[in-house]
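>
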Amino acid sequence: RAALELRSPGHSDRAWALYSLANSLSDRFLKLGASGDLDEAISLHRSALDLRPPGHSNRSDSLHSLALCFSNRYDNQGTIEDLEEAITLGRAALELQSPAHSWRPASIYNVADYLRKKFQKFGASADLDEAISLHQSALDLRPVGHSDRSDSLHSLALCFSNRYDNLDTIEDLEEAITFGRAALELHSPGHSWRAMTLYNLAGDLRDRFLKFGASGDLDEAISLHRFALDLRPVGHSDRLTSLNQLANCLSSRFEKLEAIADLDELISLHRAILDLHPQGHHGHMKSIDELFLLVQKRIHRHNMAADLDECFSFGHSALASGEAGNPGHSTYLRDLVTDLHSRFRDLDNMSDVQEAHPDHAASLHELLIYVNDHFEDGDVAPVTDAIVAIARAALKRYPTGHPDHVVSITTLAAFFLRRFQQQGAVADVDDAIVLYREAVEVCPSGSPASAPYLHDLARCLSERFTELAMSTDLNDAIKFEQAALALRPQGHPDRAESVNSLFHYRQLKIEGRGASIQSARPTGTTSGSRLKYLIGDIVFDVLKGFPPRLLDTRTGMLCDRDSQIAQFEKSGEYNQLLSSASALDALAQVAHIREVVSTYFRYVTLSHRWGKLEPLLHDIEGQVIYDLDLTDGLRKLQSFCLTSFQRGYLWAWSDTSCIDKESSAELQEAIGSMFSWYRLSALTLVHLADVSDTGGLTSSEWFKRGWTLQELLAPHTVLFFTRDWLLYRGSSS
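The sequence shown: position 311 = 305 (the numbering used here), numbered continuously.
Here it is, written out as structure tokens:
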């Protein structure tokens, strides 16, 4: 740059300075990848070319280098105009280079490479034919011993391989293999292109195997792919392609020879592929399925105990993937369970479970509940019975005191309770009670961790009381719910659940009723009472992950959980639900009630930058916010609630006024729950207090907040509003 500054327009060496700086910028782009360097290099090369008109001795150099820059930009950005420019400039350079010109082989090679790229983009055979012809001409100018001969051999092999893929002419495939072998001989260990040449030659040999079935070709392809994979360690950009192609070759050989060594290696490769497709990646479930099928083959052939660990991992991934609705998913899980049952049907191999992954029993329980919820009734019994048998046996081997012991037994207990509610078999609720009693006994006396187990045990006992009318069950239910309530002091999020449960158990005892109790809420003898308690149960379930306080957008009042439920039970939606749900069968009732309840309690979250005089919880508690004297903060809160109401939402949440910041425990819990609260919200409104109707979005101070990233990622839907609470629609600035 300093040299260029000293060579002003008209200086005899200005073209050289432009050209040299352009080359340096191009080299830096190839090293660091900054597109600005490449754009500047192109601009400088153009300026140098203008100073080297037709007839200038160095014009071909500028044409050649400018063509290379355009090709590199095409590789980087994919703009076809850059590739066309590269071809045009490359051809012009060739016309000016005599047969003896030192750069002629490189120019021929580059134009051939540009034409091959164009063929890959558009598929025109003429481009590929010309590329092959030019590469052969370049090879002729690079005799044995020439430093660039291996590059020409490699590229010719690639072109012939492309033409074979396009035309299926075996002569092209043979040429590709011949040139590939010659290139590999010159690409000694350490050469930067060796891995690519190994990979390409292996692919051509596999193609010939698929054409003629010669085992030698497949064996050699596998060997070459292994060498290529060794040169592409973890973190290499091409490692995944090598893993996939080596796996394809081994799969072909395994289908032919069924050698266990090939199957073992295939499983190892697919584990490595799965590592590159973590949960959330679009290829995760495909990788899980492929690996499962391979492990399934090994189980069928060799009954290997180590494969059990893999099977449990598949179950976890399947449940966590969120893809349970896929058409083949039920078949996949059924096959998994069938394999597990086949392996342990005599239950003599359970020592394998003890030696295996510590989450196995919990995984079985999760699979059990998933299968029971998603398979047709006619199919579910054998499968669930199989998993129950496995889970029971595994649980016997699970030592008391193991960190996952309680999780495992309570998960199985929850399944038994669910199946009792669905099918009415008393044996299931008996099993649930035994398991919940064990969970309570394992927890230290007085530990808050035992509260949910005490509550669930009381729930099971009340369920059995409604079935068998044994007074001891109801007395025990009261005793255990009292113990749970004692561990849920004022302010505990589940205290209301225990209070309601205890109230209804006592009421049931006084009235002598034996009706069904749903999730700690007893049901009266009438169908209307049953429906009300079912609705209440679902309301509790829907709200359990929501913020405990919400603003009623209609009244402007802050409501705690009890107030929210009371509002619902007085609403027209509740009365309509009682009428519409009563005409449905049990299963349809649950789905319909959940839909209505979820819709009613949809809430909106506010994302904003705190300003002056933000209203806190003690400022608005017990007040109608629409009636309070205005401050900047209160005006924002009012506008937020009104905008939410205008959009059809009855509930709203703001971090300024819906959290008791004077309670350190509540504040810490709120901070930990913030992401899930935004995720569960139906809508998030972002208020940009410093953006006008025509202002720029990204200039807002809101983007500099520490919470901004979370509040952008968590919600499903986000709308931006200006300082005047008008929907932001973008600007030209």
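C-beta atoms are modelled at their ideal positions from N, C-alpha and C, and glycine is treated no differently.
Taking contact to mean 3 or more Cβ pairs, one atom from each stretch, closer than 8 Å, check whether the region 614 to 622 and the region 581 to 595 are in contact.
With a cut-off of 8 Å, the region 581 to 595 and the region 614 to 622 do not count as touching, because too few Cβ pairs lie within range.
> Going residue by residue through the region 409 to 450, where are the continuous alpha helix (DSSP H) segments of at least 4 residues, counting only ones entirely within it?
Listed in chain order, the complete alpha helix (DSSP H) runs (minimum 4 residues) inside the region 409 to 450 are 420 to 436.
> Helix or strand or just coil, what does DSSP make of Phe714?
What you label residue 714 is simply residue 720 of the sequence shown in a count that begins at 1. Reduced to three states, the DSSP call for Phe714 is strand.
> CA-CA distance, Val423 and Leu462?
The residue labelled residue 423 in the question sits at position 429 within the sequence shown. The residue labelled residue 462 in the question sits at position 468 within the sequence shown. Their Cα atoms are separated by approximately 11 Å.
> Taking DSSP as the reference, what is the three-state secondary structure of Val138?
The count along the sequence shown starts at 1 and reaches residue 138 at position 144. Val138: coil per DSSP, three-state reduction.
> With a threshold of 7 Å between beta carbons, is Asn104 in contact with chain C?
Going by chain labels, chain C is absent from the structure shown, which holds only one protein chain.
> Going along the chain, which unbroken runs of the alpha helix (DSSP H) with 4 or more residues stay wholly within the region 153 to 212?
Qualifying alpha helix (DSSP H) stretches, in chain order: 164 to 180, 188 to 206.
> Please list the terminal residues of the continuous alpha helix (DSSP H) segment that includes His58.
By 1-based counting over the sequence shown, the position of residue 58 is 64. Where His58 is concerned, the enclosing alpha helix (DSSP H) stretches over 53 to 71.
> What number of angstroms, rounded off, separates the C-alpha of Pro609 from the C-alpha of Ala477?
Translated into the one-based positions of the sequence shown, residue 609 becomes position 615. Translated into the one-based positions of the sequence shown, residue 477 becomes position 483. Going from the Cα of Pro609 to the Cα of Ala477 covers about 39 Å.
> When you compare only the Cα positions, how much space is there between His148 and His5?
For the purposes of this step, residue 148 is identified with residue 154 of the sequence shown, where counting begins at 1. For the purposes of this step, residue 5 is identified with residue 11 of the sequence shown, where counting begins at 1. Approximately 43 Å, taken between the alpha carbons.
> I need the DSSP call for Asp107, collapsed to helix, strand or coil.
Sequence index remark: in the sequence shown, residue 107 carries index 113 (1-based). Of the three classes helix, strand and coil, the one that applies to Asp107 here is helix, per DSSP.
> Please identify the residue among Cys243, Phe474, Glu435 whose C-alpha is closest to the C-alpha of Leu455.
Translated into positions along the sequence shown, residue 455 becomes position 461. Nearest C-alpha to Leu455: Phe474.
> Look at the alpha carbon of Cys652 and the alpha carbon of Glu705, and state the distance between them as a whole number of angstroms.
Reading the sequence shown from its first residue, position 658 is the one you call residue 652. Reading the sequence shown from its first residue, position 711 is the one you call residue 705. Each residue's Cα considered, the two are about 17 Å apart.
> Is the closest heavy atom of the ligand ZN to the C-beta of Asp425 under 6 Å?
No copy of the ligand ZN appears in this structure; indeed no ligand is present at all.
> I believe Tyr597 touches Tyr568 by the beta-carbon criterion, under 8 Å. Please report the beta-carbon distance rounded to the nearest angstrom.
Locating residue 597 in the sequence shown gives position 603, where the first residue counts as 1. Locating residue 568 in the sequence shown gives position 574, where the first residue counts as 1. Contact flag wrong, Cβ pair sits at about 18 Å.
> Spatial neighbours of Ile36 within its chain, please: CB distance less than 8 Å, with the 5 preceding and 5 following residues excluded, ordered by chain position.
As a working mapping, residue 36 is identified with position 42 in the sequence shown. So the list reads Ala16, Leu60, Cys63, Phe64, Arg67, once near-sequence residues are dropped.
> Can you tell me whether Trp645 is buried or exposed, with buried defined as 16 or more other CB within 10 angstroms of its CB?
Along the sequence shown, read from residue 1 onward, the residue named residue 645 stands at position 651. Buried.
> What are the boundary residues of the beta strand (DSSP E) that Thr688 is part of?
Here residue 688 corresponds to residue number 694 of the sequence shown, with the count starting at 1. Careful: Thr688 lies outside any beta strand (DSSP E) and carries neither H nor E.
> Who are the Cβ neighbours of Ala676 in its own chain at under 6 Å, not counting the five residues just before and after it?
Taking the sequence shown and counting its residues from 1, one reaches residue 676 at position 682. Closer than 6 Å at Cβ, skipping near neighbours: Arg596.
> Please classify Phe116 as buried or exposed, where buried requires at least 16 neighbouring CB atoms within 10 angstroms.
Against the sequence shown, residue 116 aligns to sequence position 122. When all chains shown are included, Phe116 counts as exposed.
> Using a 10 Å radius around the Cβ and a threshold of 16 neighbouring Cβ atoms, would you call Ser345 buried or exposed?
Within the sequence shown, the letter at position 351 stands for residue 345. Note on Ser345: pLDDT 43, under 50, position unreliable in the model; the coordinate value appears next. With fewer than 16 Cβ atoms within 10 Å of its Cβ, Ser345 is classed as exposed.
> How is Cys652 classed by DSSP in three states: helix, strand or coil?
In the sequence shown, counting from the first residue as 1, residue 652 sits at position 658. Three-state DSSP puts Cys652 in coil, outside helix and strand.
> I'd like to check one pair, Leu109 with Glu124: are the Cβ atoms closer than 7 Å?
The sequence position of residue 124 within the sequence shown is 130, counting from 1. The sequence position of residue 109 within the sequence shown is 115, counting from 1. Cβ atoms of Glu124 and Leu109: closer than 7 Å.
> Mind checking whether His129 and Leu150 have CB atoms under 7 Å apart?
Here residue 129 is taken as the residue at index 135 of the sequence shown, counted from 1. Here residue 150 is taken as the residue at index 156 of the sequence shown, counted from 1. Against a cut-off of 7 Å, the Cβ pair of Leu150 and His129 comes out as a contact.
> Roughly how many angstroms separate the alpha carbons of Leu691 and Ser601, rounded to a whole number?
Indexing the sequence shown from 1 puts residue 691 at position 697. Indexing the sequence shown from 1 puts residue 601 at position 607. The alpha-carbon atoms of Leu691 and Ser601 are separated by roughly 15 Å.
> Does DSSP put Asp546 in a helix, in a strand, or in coil?
For this step, residue 546 is matched to residue 552 along the sequence shown. Residue state, collapsed to three classes: strand.
> Terminal residues of the continuous alpha helix (DSSP H) containing His39?
For the purposes of this step, residue 39 is taken as the residue at position 45 of the sequence shown. Where His39 is concerned, the enclosing alpha helix (DSSP H) stretches over 29 to 44.
> For the beta strand (DSSP E) holding Leu551, just list the boundary residues, first then last.
Walking along the sequence shown from the start, residue 551 turns up at place 557. The displayed chain sequence assigns Met, not Leu, to residue 551. Here the beta strand (DSSP E) through Met551 covers 551 to 553.
> What does a CB cutoff of less than 7 Å around Ala708 pick up in its chain, not counting 5 residues either side in sequence?
If you number the sequence shown from 1, residue 708 lands on position 714. Closer than 7 Å at Cβ, skipping near neighbours: Phe669, Tyr672, Arg673.
> With a 10 Å radius around its C-beta and 16 neighbouring C-beta atoms as the bar for buried, classify Val289 as buried or exposed.
Against the sequence shown, residue 289 aligns to sequence position 295. That one is buried.
> For His681, which of helix, strand or coil comes out of DSSP?
What you label residue 681 is simply residue 687 of the sequence shown in a count that begins at 1. Looking at His681 - three-state DSSP - the assignment turns out to be strand.
> DSSP beta-bridge partners for Thr599?
The residue labelled residue 599 in the question sits at position 605 within the sequence shown. According to DSSP, which records beta bridges pairwise, Thr599 is partnered with Trp647, Thr678.
> Are Leu212 and Leu192 touching if we call contact CB-CB under 7 Å?
In the sequence shown, residue 212 corresponds to position 218, counting from 1. In the sequence shown, residue 192 corresponds to position 198, counting from 1. Taking 7 Å as the Cβ cut-off, Leu212 and Leu192 do not qualify as a contacting pair.
> Using only the alpha-carbon positions, how far apart do Ser209 and Glu34 sit?
Counting from one through the sequence shown, the residue named residue 209 turns up at place 215. Counting from one through the sequence shown, the residue named residue 34 turns up at place 40. Taking the straight line from one Cα to the other gives about 53 Å.
> Leaving out the 5 sequence neighbours to the left and right, which residues in its chain are closer than 6 Å to Arg136 when beta-carbon positions are compared?
By one-based count along the sequence shown, residue 136 stands at place 142. Contacts found: Pro99, Asp142, Arg143, Ser146.
> Rounded to whole angstroms, how far is the Cβ of Asn70 from the Cβ of Ser29, which I believe are closer than 8 Å?
Along the sequence shown, one-based indexing puts residue 70 at 76. Along the sequence shown, one-based indexing puts residue 29 at 35. That pair is a contact at about 6 Å.
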